[in-house]
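4 protein chains.
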Amino acid sequence: MSGNTYGKLFTVTTFGESHGKALGCIVDGCPPGIELTEEDLQIDLDRRKPGTSRHTTQRREADEVEILSGVFEGKTTGTPIGLLIKNTDQRSKDYSNIEETFRPAHADYVYTHKYGFRDYRGGGRSSARETAMRVAAGAIAKKFLAAKGIEVKGYLSQLGPIKIDEANFDWNEVPNNPFFSPDAASVPQMEEYMDALRKEGNSIGAKISVVASGMPVGLGEPIFDRLDADLAHALMSINAVKGVEIGDGFASVEQKGTEHRDEMTPEGFLSNHAGGVLGGISTGQDLVAHMALKPTSSLRLPGRSINSRGEEIEVVTKGRHDPCVGIRATPIAEAMMAIVLMDHFLRDRGQNADVKSEVPVIT
Amino acid sequence: MSGNTYGKLFTVTTFGESHGKALGCIVDGCPPGIELTEEDLQIDLDRRKPGTSRHTTQRREADEVEILSGVFEGKTTGTPIGLLIKNTDQRSKDYSNIEETFRPAHADYVYTHKYGFRDYRGGGRSSARETAMRVAAGAIAKKFLAAKGIEVKGYLSQLGPIKIDEANFDWNEVPNNPFFSPDAASVPQMEEYMDALRKEGNSIGAKISVVASGMPVGLGEPIFDRLDADLAHALMSINAVKGVEIGDGFASVEQKGTEHRDEMTPEGFLSNHAGGVLGGISTGQDLVAHMALKPTSSLRLPGRSINSRGEEIEVVTKGRHDPCVGIRATPIAEAMMAIVLMDHFLRDRGQNADVKSEVPVIT
Amino acid sequence: MSGNTYGKLFTVTTFGESHGKALGCIVDGCPPGIELTEEDLQIDLDRRKPGTSRHTTQRREADEVEILSGVFEGKTTGTPIGLLIKNTDQRSKDYSNIEETFRPAHADYVYTHKYGFRDYRGGGRSSARETAMRVAAGAIAKKFLAAKGIEVKGYLSQLGPIKIDEANFDWNEVPNNPFFSPDAASVPQMEEYMDALRKEGNSIGAKISVVASGMPVGLGEPIFDRLDADLAHALMSINAVKGVEIGDGFASVEQKGTEHRDEMTPEGFLSNHAGGVLGGISTGQDLVAHMALKPTSSLRLPGRSINSRGEEIEVVTKGRHDPCVGIRATPIAEAMMAIVLMDHFLRDRGQNADVKSEVPVIT
Amino acid sequence: MSGNTYGKLFTVTTFGESHGKALGCIVDGCPPGIELTEEDLQIDLDRRKPGTSRHTTQRREADEVEILSGVFEGKTTGTPIGLLIKNTDQRSKDYSNIEETFRPAHADYVYTHKYGFRDYRGGGRSSARETAMRVAAGAIAKKFLAAKGIEVKGYLSQLGPIKIDEANFDWNEVPNNPFFSPDAASVPQMEEYMDALRKEGNSIGAKISVVASGMPVGLGEPIFDRLDADLAHALMSINAVKGVEIGDGFASVEQKGTEHRDEMTPEGFLSNHAGGVLGGISTGQDLVAHMALKPTSSLRLPGRSINSRGEEIEVVTKGRHDPCVGIRATPIAEAMMAIVLMDHFLRDRGQNADVKSEVPVIT
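Protein chains in written order, with the working numbering: chain A, 1 to 363; chain G, 1 to 363; chain C, 1 to 363; chain S, 1 to 363.
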């Protein structure tokens, strides 16, 4: 495949540019018989969509998704599900000045070299706007997994220098603030930090964590299609992600074997340093992953760069941008983990394993 | 594919268990006309092989690789390259006592649940011994890349608590010590640390870094087959790896945009926080990745676990093991990065782009 | 992948049901810089669309395709091309009576068993209406191939008992009649035959031939991804196709080696029994394939069948149907051959091999 | 993938040249717990192997297969199965005279153009000797399918001008003659025909048929991964195959709908023109396919050709060859159908659907 498809049995193929006519997606391999409406997808799309607080881009996109196929009389049919979101608030002229400019830390320079030219409007295909379709596809996967008792949930674990306090951890707080923070006490700090940052014209990185609970033992296909390897692939494919950890991740470097190994008893594992994966296969414990997002590259503060003739220029990025892309990344991380899990579930158990046809077989 | 193949155009498929008859591999998609001998592969296999210092497992395996196909008169033919390494020093009876035992932090428990039973001899398929074939395949990729001016090199950047001192960094030191450390001053500390650890019967994690220099601009296929995402996949698929970073990785979380963005001038980039990838495509700067390896799970120190009847037991792991799997992981990380790069090179430029046939075309 | 994607580097993924909201397609892997407009696709869509003569279904579908992404300022960008055709003339109520009925030789019975239920409106996903998106995607491939000097053209070589006369063969006649026959003399016979058939309420099979000229030597990847094997896959995936031949096909069974082998001279091959493929690789001669289409299964003439409770019933199919699906199949066969060729071209030569960036590389 | 792998979940990747050291294969995705020995594979290998009658090549190859991995204590483990057959009777010097010669209708010319040069010994990778590994892999698939009640059997249906008489059809006759003919009366004719042909120094085509009985309803994944499309791919990938039919195949062209449609009754289908597939999904009827093989291209009778400098030459092919490749093709066709069916079975039902672990899950 050429790069825009994720998955082996449950596949998600996306198209669309930031300032094009529409974003779209084909979700292939969804088993039949699952109740599915546009509202199911809209919930997560609304969690990701821009403009819901002063801390994200002020671009107004309703991100209303339309299901074009694959659902009949309210249930999935087993055939591909076509999804479409029309772009409505493009202001492409904001970008006409960057046509010949390479913004530092953006994909402008590499796209131009790879493809010979680029769609410069809002980053074109390299814009994180593409992730809206992943969120929609992920909502389908979440619904499938929920029926199997698996729940995928994420949160922001660090915003720049502000780490959440594990002692205050409360899943119920996550939807109560624009940051997806599970620590209510962290929220005012984050608000203050972001306000100052916006004033400064700068941007900041973030860390997102995502957890699947209710996991079965046995998902993942060694050697190369390990659950953790596929998850690393899926999370690293999200715009701005620079690092992925499973379980204790980089903390494992300094751990001794006696500390890291998760001992087992008839009552269960005594710890979860592994993050729910051993040998590339799920253990049944919570599947735990973390990802690091770099700071947004679109800044009002001037930076040095070159133009398409290789001449030195100074870049000031206008347009509407998120000062911290991590803030809206929690639903995207959840979506990608859900897609990975559903793909592996089907590989292990089959796409039509749940079908019970009452129609007689003729012989 | 079912899990034992990596790559899209340049694919590596491996087979073999730790204590089976042999390990093998099919390398498919290698362009024709590349000079290739078994010695080319043996160099890296010898760098990875066990028993070369007192700090690694004392299992004696020559790891002699045989090329069974795909090479004719000293050159690759464009057809699949079959590789074989015979196992010679299996001591399977070392493992008969663990037939019904699940060692903590090993794949024993999950393999048994996934497949109904397992090959318990030395971890069977879940053993890191499988990585020998990746190193052999990676050596082919390295040779291909070298002809394109791309060099892939790795080093150990941290052994448990001991970090290398960047001020002492010297690529020439890497082959001079059993740890692949580029910091000569770190070596005695590492020796001492490992000796104490072995005495203690414990194990430790490590961090490996890998760098490709001479990179072209333009490798990587957005959205899902980004160069960084594929690299994360490939590195996370290595046994014991729990985290992957590209460039600054998790340090990006606390960086501001003005710090992280790599400014450009006509003379080049002013920094490389991105690690050589933007928007999933190579920038031409050095491609830089890091990976965290957990401590070995095979310990002489007793641990709590269960057996196959779910009963509580105490586990003491005998057999011959590496107290730090990270020590031998540098050539494996290099191999996986080389495989990823070669695959992306061919996707961008084509498998037979270099063929110049002097045979007349009849019309 | 789950079944709705064709290709390795140049991939076509389709969605949509006969009587759903829309048909759609994502074409991934198209190289950048190709001039492309909706009119380029419409030409072939109009050749395939229903209702253009009295010999095809009277369903009225404009089949107007919209390009939603992947094209910027009139050229492909190298990113995925999203295509959409809205359905406009569904008469789903025509089908409410078959909800519980399995029409003989239709996919009703198998879809119901595989998926537990089905979208019965006009055959749902199993309808040949899905091929409209293949024709649109194929038009992109044709445009790419044309720039490489490769032309893909098809014709109807047999309509039921009426074979075209090779002595009258004229490519220029193909667009002049509704059957895509290259033999002007055959057209009145076909008209008469079809009129009688329609009156009878019956249907008939057909044979379509498709030829690529201007072929380069060297396309095709042995062993399994041979050009002929991929072509057989692609053509057999078209609705109603029951047989595929390359070159002389089944006639080869009775040929001796001295007859079949295409002798070579410095001036060229002396014959083309092979149909332009040897060992799975193109020879540079014309690539020639034929496919057999079965008669339409939707008949006014009553047939024996069962309903979803397994009870005996008599089926009479209403709705609007083609009495010979082969009549509109020529553009579909061309599209599939073009898609196969473009995929193999890119595998051999690379996706971005033609990109010449004038932007300086910074070092 | 690069061309040497077949399948999506159950994959077969082969390597090896006719006159190289060995042939090999990795069978990936085989479910665990299937009893498997080398003898299981040898049965079909012996049916295919050369030199068993005077009507096939006199090259002596024992074709003894060795299982190198994936089987433990007599059962498959769910991990990849490595297979190896060593070549023993190469006479490469027979071929030194064709190093610069392109034999008509052989792959010599196209391999040289595609790869720049070729392994000319016995056809190298393009030799049908590669199919030995498919037969070994297919034997694994047959064993899996047998446990599901599915049996795959083939026969020779036509040898040049000699068609078997359906009235004499007897499956029990197939193993009783070197042609795999089910019609005992045809055997003396075939013997006589072949003896004359060998004397003449010529070769002849053949038609092979293959049938799967005990089929479940529901295998196959529309749109592109239809069961019939995948089967066409698999059969057309066999050396020398020029045509593939499902069910009535090309006879469908002249059939009317009332004749072709297989009517259904509560007691079963009344006919099987479709060959057991509708809409790309199995109906539960016998799956029936036919394939046409061209006459062998290696002839003692001189033919016109060119050499690698484009000069006119006369070719006389020495070496040891089958005068009718179709004679040994029956087990290959069976193998490919079995591989296709097993792949689709697992896609529909899952790779580990049959695993029943008695080990307690800890929580």
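All C-beta atoms, glycine included, are put in the ideal place defined by N, C-alpha and C. Note that this is a predicted model, so its numbers are computed, not measured.
> Residues of chain S with a CB under 7 Å from the CB of Asp348(A): which are they?
Replying inline: Those are Gly350, Gln351, Asn352, listed as they occur along chain S.
> Going by the CB atoms, is the gap between Thr13(S) and Thr131(G) shorter than 8 Å?
Replying inline: With contacts defined as CB atoms closer than 8 Å, Thr131(G) and Thr13(S) fail to qualify as a contacting pair.
> Are the Cβ atoms of Gly24(C) and Ile339(C) separated by less than 8 Å?
Replying inline: Inclusion of Gly24(C) and Ile339(C) in the CB contact set at 8 Å is not warranted, their separation being larger than that value.
> From Met236(S) to Leu346(A), what distance separates their C-alpha atoms?
Replying inline: Taking the Cα positions, Met236(S) is about 29 Å away from Leu346(A).
> From His290(S) to Ser157(S), what does the alpha carbon distance come to, in whole angstroms?
Replying inline: Each residue's alpha carbon lies about 9 Å from the other.
> What are the partner residues of Cys25(S), as DSSP defines its beta bridges?
Replying inline: According to DSSP, Cys25(S) shares a beta bridge with Thr14(S), Leu83(S).
>> Does Val253(G) pass the burial test, meaning 16 or more other C-beta atoms within 10 Å, or should it be called exposed?
In response: When all chains shown are included, Val253(G) counts as buried.
>> Assuming the contact rule is C-beta atoms closer than 8 Å, Ile306(S) and Met215(C) should be a hit. Round their C-beta distance to whole Å, please.
In response: Ile306(S) to Met215(C), Cβ: 18 Å. No contact.
> When the Cα of Gly327(G) is compared with those of Gln42(G), Thr52(G), Gly116(G), which residue comes out closest?
Replying inline: It is Ile, not Gly, that sits at residue 327(G) in the sequence shown. Residue nearest to Ile327(G) within the set Gln42(G), Thr52(G), Gly116(G) is Thr52(G) (criterion: CA-CA distance).
>> My assumption, with CB atoms under 8 Å, is that Gly350(A) sits in contact with Arg349(S). Please give the rounded CB distance.
In response: The Cβ separation is near 4 Å, so the contact holds.
> According to a CB-to-CB cut-off of less than 9 Å, which residues of the segment 5 to 21 of chain C neighbour chain G?
Replying inline: Here the close residues are Lys8, Leu9.
> If we count Cβ pairs, one from each stretch, closer than 8 Å, do we get three or more for the segment 73 to 90 of chain S versus the segment 113 to 133 of chain G?
Replying inline: Between the segment 73 to 90 of chain S and the segment 113 to 133 of chain G, the count of C-beta pairs closer than 8 Å reaches three or more; the two stretches touch.
> Just the Cα atoms here: how many angstroms apart are Asn352(G) and Glu311(C)?
Replying inline: About 59 Å.
> Who are the Cβ neighbours of Met190(G) in its own chain at under 7 Å, not counting the five residues just before and after it?
Replying inline: Only Leu159, Ile162, Phe179, Ser181 meet the Cβ criterion.
>> Does the contact criterion of 3 or more C-beta pairs under 8 Å hold for the segment 258 to 273 of chain A versus the segment 164 to 180 of chain A?
In response: Touching, no.
>> Our contact map puts Gly71(A) next to Lys114(C) with C-beta atoms below 8 Å; I'd like the distance itself, whole angstroms only.
In response: The amino acid at residue 71(A) is misidentified as Gly; the sequence shows Val. So it is not a contact: roughly 17 Å between Cβ atoms.
> Which residue spans inside the segment 136 to 181 of chain S form an unbroken beta strand (DSSP E) run of at least 3?
Replying inline: Whole beta strand (DSSP E) segments, 3+ residues: 151 to 159.
> Where Gly243(A) and Ala292(A) are concerned, what is the direct C-alpha to C-alpha distance, given to the nearest angstrom?
Replying inline: Looking at the two C-alpha atoms, the distance is approximately 5 Å.
>> Quick check: what's the CA-CA separation for Lys318(G) versus Val187(G)?
In response: Rounded to whole angstroms, Lys318(G) to Val187(G) spans 28 Å at the Cα level.
>> Tell me which residues share the same chain as Ser69(A) and place their Cβ nearer than 8 Å to its Cβ, disregarding the 5 neighbours each side in the sequence.
In response: If the five residues before and after Ser69(A) are omitted, its C-beta is found closer than 8 Å to the C-beta atoms of Thr79, Pro80, Ile81, Gly82, all from its own chain and listed in chain order.
> Can you name, in chain order, every residue of its own chain whose Cβ lies under 6 Å from the Cβ of Gln285(C), other than the five neighbours on each side?
Replying inline: Taken in chain order, the residues that qualify are Phe269, Asn272, Gly276.
>> Quick check on the DSSP output: the alpha helix (DSSP H) that includes Lys199(C) runs from which residue to which?
In response: Where Lys199(C) is concerned, the enclosing alpha helix (DSSP H) stretches over 186 to 200.
> Quick one, which residues of the segment 254 to 265 of chain G are near chain A if we go by CB-CB under 9 Å, in chain order?
Replying inline: Answer set for the segment 254 to 265 of chain G: Glu254, Gln255, Lys256, Gly257, Thr258, Glu259, His260, Arg261, Asp262, Glu263, Met264, Thr265.
>> With a threshold of 7 Å on Cβ separation, who are the neighbours of Arg118(S) within its own chain once the five nearest residues in sequence on each side are excluded?
In response: Only Asp108, Tyr111, Thr112, Gly124 meet the Cβ criterion.
>> Cβ closer than 8 Å: which chain A residues qualify as neighbours of Val361(S)?
In response: Ordered by position in chain A, the residues that pass the 8 Å Cβ test against Val361(S) are Val217, Gly284.
> Cα separation between Asp228(C) and Thr330(S)?
Replying inline: Counting only the Cα atoms, Thr330(S) lies some 20 Å from Asp228(C).
> If you measure beta-carbon to beta-carbon, which residues of the segment 222 to 254 of chain A are closer than 9 Å to chain S?
Replying inline: Cβ contacts with chain S: Pro222, Ile223.
>> On the DSSP letters alone, give me the boundaries of the alpha helix (DSSP H) that Ile339(A) sits inside.
In response: Annotation for Ile339(A): the continuous alpha helix (DSSP H) segment containing it runs 330 to 349.
>> Counting only C-beta atoms, is Ile367(S) closer than 8 Å to chain G at any point?
In response: Residue 367(S) is absent from the model: chain S starts at 1 and stops at 363.
>> Below 9 Å on C-beta distance, what does Phe392(A) contact in chain C?
In response: No statement about residue 392(A) is possible, as the shown extent of chain A runs from 1 to 363 and does not include it.
>> Closest to Leu219(A) by C-alpha separation, out of Asp44(A), Ile150(A), Asp46(A), Gly16(A), would be which residue?
In response: Ranking the options by Cα distance to Leu219(A), first place goes to Ile150(A).
>> The alpha helix (DSSP H) that contains Ile43(S), what's its start and end?
In response: 38 to 48 is the span of the alpha helix (DSSP H), which, as asked, contains Ile43(S).
> Using CA coordinates, which residue listed in Ala105(A), Lys153(A), His344(A) is at the minimum distance from Ser203(A)?
Replying inline: Among Ala105(A), Lys153(A), His344(A), the Cα nearest to that of Ser203(A) belongs to Ala105(A).
> chain C beta carbons: is any one of them nearer than 8 Å to that of Gly149(S)?
Replying inline: Not one chain C Cβ lies under 8 Å of Gly149(S).
> What distance in whole Å lies between the Cβ atoms of Leu287(A) and Ala234(A), which are believed to be in contact at a cut-off of 8 Å?
Replying inline: Not a contact, Cβ separation roughly 12 Å.
> Can you give the Cα-Cα distance for Glu221(S) and Val135(A), rounded to whole angstroms?
Replying inline: Using only the alpha carbons, I get a separation of about 26 Å.
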